[in-house]
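Peer 1: Handing you a structure now.
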Amino acid sequence: MIGTYDPLLGAQVVQRTAAQGSVLHQLSLIWRGIEPFVFLGAAVGLGWAAWTYYDRKAAMRTYGRHITGKGVGLVVGRDDEIDRVISILCRKTKNCAALVGHAGVGKTAIAEGLAQRIATGKVPAALAGARVVEIDLGAMVAGTVLRGMFEERMKSVIKQAENAGGKIILFIDEMQVIPGAGDSHGNTDASSMLKPALARGRIRCVGATTFDGYRNCIEKDPALERRFQKVHIEEPSTQATIGILRGLKQQYEQHHGLE
């Protein structure tokens, strides 16, 4: 197959044999002016092809962090909230949970508690052997200077999750950024690509956001809001907080070398 710049490559050879004043010499002068741009275009084309191949193979590893059984600290308490999330994830449809609460109440800890339950086998058969993968939308958007780059990355992650047969649970912290994420450079945003997959029930997802983030971003996209079951996360009570501190006491003693 002949590329658009292939005929111009011949001019580089011609310029070495062209006589002064001839038409071929004039062509050689034209070539000298456009040569850098031709090779730049070829390099961009090859770079795009190489990037596409790599990203399709490694999207989940590049933009996801497995938190199931790896570097997850002990999660104490929040059993009711974790049970609620597990119940939602086991549904056939609308099997995605949105953890909504004030900043600092422990929304991410609930996702880690879910991962801890899976690692210890304390989940229903539908979730046995599943992996919780935290998706970094910021990293996925970063560097998407060409149209279609973000779409390719997002579609690759969604496809891998679908192919896992429900054994990959996507966790998206700060889920309020989903609407509009990646919509620069003519890309389709994350919300538009996620909604069809969520509607089919072929992927499981847990998101976390604040009340303001949910109201200002998620509720303004009714189609996206319908895909998630809202779970209110309140601050732990005084009694629950004391129980959490007692459960974590040994960890902190070991870390600081105290008794």
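Numbering (full-length UniProt numbering), first residue to last: 1 to 259. By construction, the Cβ of each residue, glycine as well, lies at the ideal position given by its N, Cα and C atoms.
With DSSP run on the structure shown, which of helix, strand or coil describes residue 262?
Peer 2: No statement about residue 262 is possible, as the shown extent of the chain runs from 1 to 259 and does not include it.
Peer 1: Could I get the ranges of all uninterrupted alpha helix (DSSP H) runs contained in the segment 119–143, with 4 residues as the minimum, in chain order?
Peer 2: Counting only runs of 4 or more, we get 137–141.
Peer 1: Would you call Leu127 buried or exposed, if buried means 16 or more other Cβ atoms sit within 10 Å of its Cβ?
Peer 2: When all chains shown are included, Leu127 counts as buried.
Peer 1: If you measure between the beta carbons of Val206 and Phe171, is that distance less than 8 angstroms?
Peer 2: In contact: Val206 and Phe171 (Cβ atoms closer than 8 angstroms).
Peer 1: Could you give the residue range of the beta strand (DSSP E) that holds Leu170?
Peer 2: Note, Leu170: beta strand (DSSP E), 168–173.
Peer 1: What separation, rounded to the nearest whole angstrom, lies between the Cα atoms of Gly180 and Val100?
Peer 2: If I take the Cα positions, the gap works out to 19 angstroms.
Peer 1: For a test of the three-state rule: what should DSSP assign to His102, helix, strand or coil?
Peer 2: Correct three-state label for His102: coil.
Peer 1: His66: beta carbon under 7 angstroms from a heavy atom of the ligand HEM?
Peer 2: As for the ligand HEM, it is missing from this structure, which has no ligand bound.
Peer 1: Applying the criterion that 16 or more other CB atoms from any shown protein chain within 10 Å of the CB defines a buried residue, is Asp189 buried or exposed?
Peer 2: Looking at its Cβ environment, which holds 16 or more other Cβ atoms inside 10 Å, Asp189 is buried.
Peer 1: Provide the residue span of the beta strand (DSSP E) that contains residue 273, from first to last.
Peer 2: Summary: the structure shown does not reach residue 273, with the chain confined to residues 1 through 259, and so no result is reported for it.
Peer 1: I need the straight-line Cα distance from Leu245 to Ser156, nearest angstrom please.
Peer 2: When rounded, the distance between both Cα atoms is 41 angstroms.
Peer 1: Spell out the partners DSSP gives His255 in its beta bridges.
Peer 2: His255 is not bridged to any residue.
Peer 1: Does Phe37 come out as helix, strand or coil in the three-state DSSP assignment?
Peer 2: With a pLDDT of only 48 at Phe37, under 50, the local geometry of the prediction cannot be trusted, and no value is derived from it.
Peer 1: From the DSSP output, read off the bridge partner residues of Cys217.
Peer 2: According to DSSP, Cys217 bridges with nothing at all.
Peer 1: What does the Cβ neighbour count give for Asn95, buried or exposed, with the cut at 16 atoms within 10 Å?
Peer 2: Result: buried.
Peer 1: Taking the alpha helix (DSSP H) that Arg200 falls in, what are its first and last residues?
Peer 2: Where Arg200 is concerned, the enclosing alpha helix (DSSP H) stretches over 190–200.
Peer 1: Return the CA-CA distance between Arg200 and Gly138, expressed in angstroms with no decimal places.
Peer 2: For Arg200 and Gly138, the distance between alpha carbons rounds to 26 angstroms.
Peer 1: If Thr209 and Ala98 are in contact, beta carbons under 8 angstroms, what's the gap, nearest whole angstrom?
Peer 2: Their Cβ separation, rounded to whole angstroms, is 7 angstroms, which keeps Thr209 and Ala98 in contact under 8 angstroms.
Peer 1: Name the residue from Lys167, Arg65, Ala115, Leu194 whose alpha carbon lies nearest to the alpha carbon of Val76.
Peer 2: The candidate whose alpha carbon is nearest that of Val76 is Ala115.
Peer 1: Rank Gln254, Leu224, Asn163 by C-alpha distance to the C-alpha of Met193 and give the top, closest one.
Peer 2: Nearest option by C-alpha distance: Leu224.
Peer 1: In whole angstroms, what is the alpha-carbon distance linking Gln254 and Asp173?
Peer 2: Those two C-alpha atoms are separated by around 29 angstroms.
Peer 1: Looking only at its own chain, which residues have a Cβ that is under 7 angstroms from the Cβ of His232, when we skip the five neighbours before and after it?
Peer 2: For His232, where only same-chain residues beyond five positions count, the Cβ hits under 7 angstroms are Val100, Gly101.
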